[in-house]
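*Asks:*
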Amino acid sequence: MSSIIDAVASGRADGSADARADVPAGTSGHPVIELGARVAGLDPAALTRDHGSPLFVYDLDVVAARVRMLRGALPPGVDLAYAVKSNPCPAVLRHLAGLGVGADIASAGELSAVTRAGFDLRSVVFTGPGKTDAEIAAAVRANVRAVTIESVEEVDVLLDLASVAPRHQGLMLRLATPATGAETTPIIGGAGAAKFGLLPDEADEVLDRLRLAGAIGAPGSAYRVVGVHAFGASNVRDAQPLIEHVAWLTERATDLATRHGLALTMLDAGGGLGIPYADDETPLDVRTLGDGLARVLDGWRARPALAGARLLFEPGRFLVGPAGAYLMRVIRTKQRDGRTLAVTDGGIHHVLRPALVGDPHRIVAVGEAAGRDEPTPSAVVGPLCTGLDMLSEAVELPAPRAGDLLAVRDVGAYGFTESMPLFLSHPVPAEIVVRSGVARVARLRQEAGGGTAAIW
Ligand SMILES: Cc1ncc(COP(=O)(O)O)c(C=O)c1O
Numbered sequence: 191m192s193s194i195i196d197a198v199a200s201g202r203a204d205g206s207a208d209a210r211a212d213v214p215a216g217t218s219g220h221p222v223i224e225l226g227a228r229v230a231g232l233d234p235a236a237l238t239r240d241h242g243s244p245l246f247v248y249d250l251d252v253v254a255a256r257v258r259m260l261r262g263a264l265p266p267g268v269d270l271a272y273a274v275k276s277n278p279c280p281a282v283l284r285h286l287a288g289l290g291v292g293a294d295i296a297s298a299g300e301l302s303a304v305t306r307a308g309f310d311l312r313s314v315v316f317t318g319p320g321k322t323d324a325e326i327a328a329a330v331r332a333n334v335r336a337v338t339i340e341s342v343e344e345v346d347v348l349l350d351l352a353s354v355a356p357r358h359q360g361l362m363l364r365l366a367t368p369a370t371g372a373e374t375t376p377i378i379g380g381a382g383a384a385k386f387g388l389l390p391d392e393a394d395e396v397l398d399r400l401r402l403a404g405a406i407g408a409p410g411s412a413y414r415v416v417g418v419h420a421f422g423a424s425n426v427r428d429a430q431p432l433i434e435h436v437a438w439l440t441e442r443a444t445d446l447a448t449r450h451g452l453a454l455t456m457l458d459a460g461g462g463l464g465i466p467y468a469d470d471e472t473p474l475d476v477r478t479l480g481d482g483l484a485r486v487l488d489g490w491r492a493r494p495a496l497a498g499a500r501l502l503f504e505p506g507r508f509l510v511g512p513a514g515a516y517l518m519r520v521i522r523t524k525q526r527d528g529r530t531l532a533v534t535d536g537g538i539h540h541v542l543r544p545a546l547v548g549d550p551h552r553i554v555a556v557g558e559a560a561g562r563d564e565p566t567p568s569a570v571v572g573p574l575c576t577g578l579d580m581l582s583e584a585v586e587l588p589a590p591r592a593g594d595l596l597a598v599r600d601v602g603a604y605g606f607t608e609s610m611p612l613f614l615s616h617p618v619p620a621e622i623v624v625r626s627g628v629a630r631v632a633r634l635r636q637e638a639g640g641g642t643a644a645i646w
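Heads up: the sequence shown begins at 191 in the working numbering, then just goes up one per residue.
Structure representation (structure tokens):
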């Protein structure tokens, strides 16, 4: 059942059925949502009049263009599974399912979301450090392409399920990457999170236990180990560490598979393909990534354990981040410390990432204000009663005034889904998707805010 409600198309509505081929390229040269006098080809004043402010807008043509660009650059042995956590908006999921992309899920909720959205469950992988027994059972019953084992204790759950598992249900082993403290490596840095994946001796133990129990390796066994998974690092915009991560995974998977007599069909390198969040950040060079991966994949042919394997990436941010924008209206302005402070109706209750990771998103004026030629040092703050509610400390905007519309860029991933919309009981914004110039409501605005939803 579709949750999309056809809405009055705001602004341009040419009704053409085909995805636009003319999506704008950002300063990065990669497809991004149009943000200027028009937003995704539509009048932002009309959009916010019809759907309220603040408002999330996702341009599905940009998503499609980004999928095309990535696929076009990667070698033929690479598959994509969209990381649902980055944006689980049902309309976005349906669009990606329609493009033939697989999915990476991390909860039973995401399993139902991808099932409803029409993803082929044989292209769905289920990964996560805290999968409950019931969630593992649901994924096994759904017969997803692979359930990823992240801890030795999950073996007990899988053995309990062996009698109900469809024969040869796929399993993957997630390896703790060097960032988790498992070992040192020159390639992957970042804060380690020890909860992810299996240490080398744990991976051996998992395989030994499954085999001893007859759950893998026998003709009628419940499971089949199809792959090895490892996530490197997040938001990587340099192709080289991504290539080196796949090379590292190649070595580890070959070693494990050879010692345990496995023929793998999939090496899953996780997500992490990055996007620029600032004008001076360069985009991921997808051609260099593709060329480097082609060289690594060529080497697989000489390795019996990997000869029949394909590489899987689980991109979230890269596919949808730059396709989304958060529109908000300036409510008040103040002059503070030599800059104009624009207090908006949008804030970190809907776009938490700047406060969470200390990384501001770019903010631009849209609609009428975009044409005003008065560059003014500004700061953008939200309506919440906390000093943390700061969307940008320093941004040049065209002399902000009450009533102006602004847009936060790159919120198509880890935007609304990673936010805290109940805080202060402001309206919960609508999410709209735009395709071929037609806007549709994907999620209705909740006028009263989340605070009134409790039953007593
Ligand atoms: C297992 C897994 N795959 C894929 C992703 C998506 O990463 P990104 O959006 O950076 O591509 C994540 C993000 O946390 C993840 O945990």
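For each residue, glycine too, the CB sits at the ideal point set by N, CA and C.
Look at the alpha carbon of G290 and the alpha carbon of V274, and state the distance between them as a whole number of angstroms.
*Replies:* Straight across, the Cα-Cα distance linking G290 with V274 is about 14 Å.
*Asks:* In angstroms, rounded to a whole number, what distance separates the CA positions of A255 and P280?
*Replies:* 19 Å
*Asks:* I'd like to confirm something about N277: is its beta-carbon nearer than 7 Å to some heavy atom of ligand 1, or not?
*Replies:* no
*Asks:* Would T186 be called buried (16 or more neighbouring beta carbons within 10 Å of its own) or exposed?
*Replies:* There is simply no residue 186 to check, as the chain begins at 191 and stops at 646 in what is shown.
*Asks:* Among the candidates L250, D458 and G602, whose CA atom is the shortest distance from the CA of L361?
*Replies:* D458
*Asks:* Taking the alpha-carbon positions, what's the V598 to R357 distance?
*Replies:* Distance between the alpha carbons of V598 and R357: 48 Å.
*Asks:* Return helix, strand or coil for K321, following the three-state DSSP convention.
*Replies:* If DSSP states are grouped into helix, strand and coil, K321 belongs with coil.
*Asks:* Report buried or exposed for A381, applying the criterion of at least 16 other Cβ atoms within 10 angstroms of its Cβ.
*Replies:* Low per-residue confidence applies at A381: pLDDT is 46, beneath 50, and the placement is therefore not dependable, though the value from the model is reported in the following sentence. By the 10 Å Cβ count, A381 comes out exposed.
*Asks:* Is S568 near ligand 1 - that is, is its Cβ less than 7 Å away from at least one heavy atom of it?
*Replies:* At a cut-off of 7 Å, the beta-carbon of S568 does not count as near ligand 1: no heavy atom of the ligand is closer than that.
*Asks:* Would P494 be called buried (16 or more neighbouring beta carbons within 10 Å of its own) or exposed?
*Replies:* Exposed: under 16 other Cβ atoms inside 10 Å.
*Asks:* So, under 8 Å CB-CB, V330 and V337 are touching, yes? Tell me the CB distance rounded to an integer number of Å.
*Replies:* 6 Å
*Asks:* With burial defined as no fewer than 16 other Cβ atoms inside 10 Å of the residue's Cβ, what is the status of Q430: buried or exposed?
*Replies:* exposed
*Asks:* Would you check whether ligand 1 has a heavy atom nearer than 7 Å to the C-beta of T317?
*Replies:* Closer than 7 Å to some heavy atom of ligand 1: that describes the Cβ of T317.
*Asks:* Output the distance between the C-alpha atoms of L283 and T317, rounded to the nearest integer angstrom.
*Replies:* 18 Å
*Asks:* Considering S302, what are the terminal residues of the alpha helix (DSSP H) in which it resides?
*Replies:* A298 to A307
*Asks:* Would you call the CB atoms of P505 and Y248 closer than 8 Å?
*Replies:* no
*Asks:* Considering T530, what are the terminal residues of the beta strand (DSSP E) in which it resides?
*Replies:* R529 to T534
*Asks:* So, do the segment 480-492 and the segment 529-536 have three or more beta carbon pairs nearer to each other than 8 Å?
*Replies:* no
*Asks:* Is E637 buried or exposed, if buried means 16 or more other CB atoms sit within 10 Å of its CB?
*Replies:* Exposed is the call here.
*Asks:* When the Cα atoms are used, what is the spatial distance from E300 to Q525?
*Replies:* 45 Å
*Asks:* Flag this pair as touching only if the segment 536-548 and the segment 567-584 have three or more C-beta atom pairs under 8 Å; answer yes or no.
*Replies:* Contact holds: three or more Cβ-Cβ distances are below 8 Å.
*Asks:* Any chance the CB of S609 is under 7 Å from a heavy atom of ligand 1?
*Replies:* no
*Asks:* Is the Cβ-Cβ distance between L587 and A555 less than 8 Å?
*Replies:* Yes, they are a contact pair.
*Asks:* For L502, tell me which candidate among V229, L264 and A230 has the shortest Cα-Cα distance.
*Replies:* L264
*Asks:* Following the continuous alpha helix (DSSP H) through T448, name the residue where it begins and the one where it ends.
*Replies:* A429 to H450
*Asks:* State the Cα-Cα distance for the pair G371 and A384, rounded to the nearest angstrom.
*Replies:* Reliability of the predicted coordinates at G371 is poor, the pLDDT of 39 falling under 50, and no value is obtained from them.
*Asks:* Which of helix, strand or coil does DSSP assign to G561?
*Replies:* helix
*Asks:* What are the residues that DSSP puts in a beta bridge with H419?
*Replies:* R364 and D458
*Asks:* Taking the Cβ atom as the reference point for each residue, do L452 and A393 lie within a distance shorter than 8 Å?
*Replies:* no
*Asks:* Within its chain, find whatever has a CB closer than 7 Å to the CB of R399; leave out the 5 residues flanking it on each side and keep chain order.
*Replies:* Cβ neighbours of R399 beyond the five flanking positions: V345.
*Asks:* K524 by DSSP, collapsed to three states: which one?
*Replies:* strand
*Asks:* Is P512 near ligand 1, judged by its Cβ being under 7 Å from some heavy atom?
*Replies:* no
*Asks:* May I have a chain-ordered list of the alpha helix (DSSP H) segments no shorter than 4 residues that lie completely inside the segment 557-622?
*Replies:* none
*Asks:* Consult DSSP for D249 and reduce its assignment to one of helix, strand or coil.
*Replies:* strand
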